[in-house]
Amino acid sequence: MKALVKEHPEPGLSLLDIEEPQIQNADDVKFKVEFCAICVGETKVYDWNEWAANDPTLELPTVLGHEAVGVVSEVGSDVKVFKPGDRVTVDPLINCGHCYQCRSGHHNMCMDREIYGKRRGAFAEYAILPERSMCKIPDKLSLEEGAVLENFGIAVHAVEVESHDPGDLAVIIGCGPIGILAAQTLIAEGVNVVLTDLNEWRLKTAEKISGCTVINVKEENPRHIIEEMTHGNMADFVIEAGATQSALDQAFDLIKDRGTVITIGTFDNPVSFNPFFKMTRREIKLVSTIGRTWETWRRMVQLVESDKIKLKPYVTHILPMEEFAKGYDMVKSQNVMKVLLKP
Ligand SMILES: [Zn+2]
């Protein structure tokens, strides 16, 4: 079968013919991959930058791709929830199901976790994962929309980590798909949201999808605007999804004293700040989240089924897997939302 493989520690990817995976464990679920979206993190692996070269979880050669949707083709003898024909997506933080973190409900923190797309992945015609790492796609969603569920989960998990109330003001730094999905989730709960970015196309898209106030920080001073909107109190919480020094600086600049900054960005480089001036003196909390738990999945499905969240606007491009180079360039340009590859 055809698969997109990171073979060597150097820029580029290879479209190779590899052996089709076969069911080996009783809890394996094999599925035909219909679409797999390109993750921003994978553009770093594609380019082989310092972030990718220093990722201890990456084992080459590997098939890339973890934002996958497909149709079950075969199941192992112990699989109970899935059957051939089911439409599925995957939770890319593959958990053991037995450790302390898994048993306490935080399977995204599994102590023996494997990150999908680092040793095996879904830019391929077929893929296999254990039953416990798979989810059914709600009937309401097309397969294409289902490919956005991975990002939606990150957004919902980032939002659920901090308690908030209707009428609170949240600032989200970064108008990528996850930032806008977090905004939509918060709006569904009655929170007022302001999105910031430097990219005009992304700001316009964010405004169109979410109906939020957007600020182009190249043209306007977000501090003045948030001050005015909150009568000087500043934002109740900030989600930092920009992953740069200036994004983190902006987060500290816009948060109220005793507020919470939630960082979810994939930073390429270390950042620096003085915790005493930025946090201690103001009793700021800095927290972070990754992935999602099963409780997050439950909330996501209910948000989708109640029509509070529409995933369709996020699928801006679908390309055959052979055009992967074009797809990666589009994601790097930032003038897209999700680019799906079809094996
Ligand atoms: Zn575990």
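Going left to right, the sequence shown walks through residues 9 to 351 as this note's numbering numbers them.
Think of the CB as a built atom: it goes at the ideal place given N, C-alpha and C, for glycine as much as any other residue.
Burial state of residue i (16 or more Cβ within 10 Å)
i: Y336; result: buried
i: V295; result: exposed
i: G154; result: buried
i: D124; result: Just to set this straight, residue 124 is Tyr in the shown sequence, not Asp. Under this definition Y124 is a buried residue.
i: F5; result: An answer regarding residue 5 cannot be provided, because it is not within the stretch 9 to 351 covered by the chain.
i: H115; result: buried
i: E28; result: exposed
i: K293; result: exposed
Test: residue i CB closer than 8 angstroms to a CB of chain B
i: G219; result: Looking at the structure shown, chain B is missing, and only one protein chain is on hand.
Reduced DSSP category for residue i - H, G, I as helix; E, B as strand; rest coil
i: N224; result: strand
i: F160; result: helix
i: P283; result: helix
i: K144; result: strand
i: L206; result: coil
i: V323; result: strand
i: A132; result: strand
i: L151; result: helix
i: K216; result: helix
i: K293; result: strand
i: E122; result: strand
i: L378; result: Because the chain here runs from 9 to 351, residue 378 falls outside it and cannot be looked at.
DSSP bridge partner residues for residue i (one or two, in chain order)
i: G78; result: V41 and V96
i: P328; result: K350
i: N420; result: Summary: the structure shown does not reach residue 420, with the chain confined to residues 9 through 351, and so no result is reported for it.
i: V246; result: V179 and V269
i: V13; result: S22 and V71
i: N200; result: L177
i: P29; result: BP columns for P29 are empty, so no partner.
i: V355; result: Because the chain here runs from 9 to 351, residue 355 falls outside it and cannot be looked at.
Run of the alpha helix (DSSP H) containing residue i, from where it starts to where it stops
i: L189; result: P185 to A196
i: R231; result: P230 to M237
i: P254; result: Residue identity differs from the one stated: residue 254 is Ser in this sequence, not Pro. From DSSP, the alpha helix (DSSP H) with S254 extends over Q253 to L262.
i: A60; result: E58 to A61
i: L311; result: W302 to E313
i: C353; result: Absent from the structure is residue 353, since the part of the chain shown begins at 9 and ends at 351.
i: D55; result: V48 to D55
Original post:
Does the segment 183-191 come close enough to the segment 159-169 that 3 or more CB-CB pairs lie under 8 angstroms?
Top reply: yes
Original post:
Should the segment 123-140 be regarded as contacting the segment 61-79, the criterion being three or more beta carbon pairs within less than 8 angstroms?
Top reply: yes
Original post:
Pairing CB atoms from the segment 164-180 with CB atoms from the segment 330-350, are three or more of them under 8 angstroms?
Top reply: no
Original post:
When the Cβ atoms of the segment 287-304 are set against those of the segment 215-222, are three or more pairs found closer than 8 angstroms?
Top reply: Counting Cβ pairs under 8 angstroms, fewer than three are found: no touch.
**OP:** Evaluate the contact criterion for the segment 48-63 versus the segment 105-122: three or more CB pairs, one atom per stretch, below 8 angstroms.
**Re:** no
**OP:** Decide if the segment 225-243 is in contact with the segment 259-268; the criterion is three or more beta carbon pairs, one per stretch, under 8 angstroms apart.
**Re:** yes
Original post:
Is there contact here, the segment 82-93 with the segment 51-66, by at least three beta-carbon pairs under 8 angstroms?
Top reply: With a cut-off of 8 angstroms, the segment 51-66 and the segment 82-93 do not count as touching, because too few Cβ pairs lie within range.
Original post:
How about the segment 303-323 and the segment 188-199: do they share at least three Cβ pairs that are nearer than 8 angstroms?
Top reply: yes
Subject >> the segment 136-146 touching the segment 209-216, judged by at least three CB pairs closer than 8 angstroms >> reply: no
Original post:
Counting pairs of Cβ atoms below 8 angstroms between the segment 315-327 and the segment 27-41, do you hit three or more?
Top reply: no
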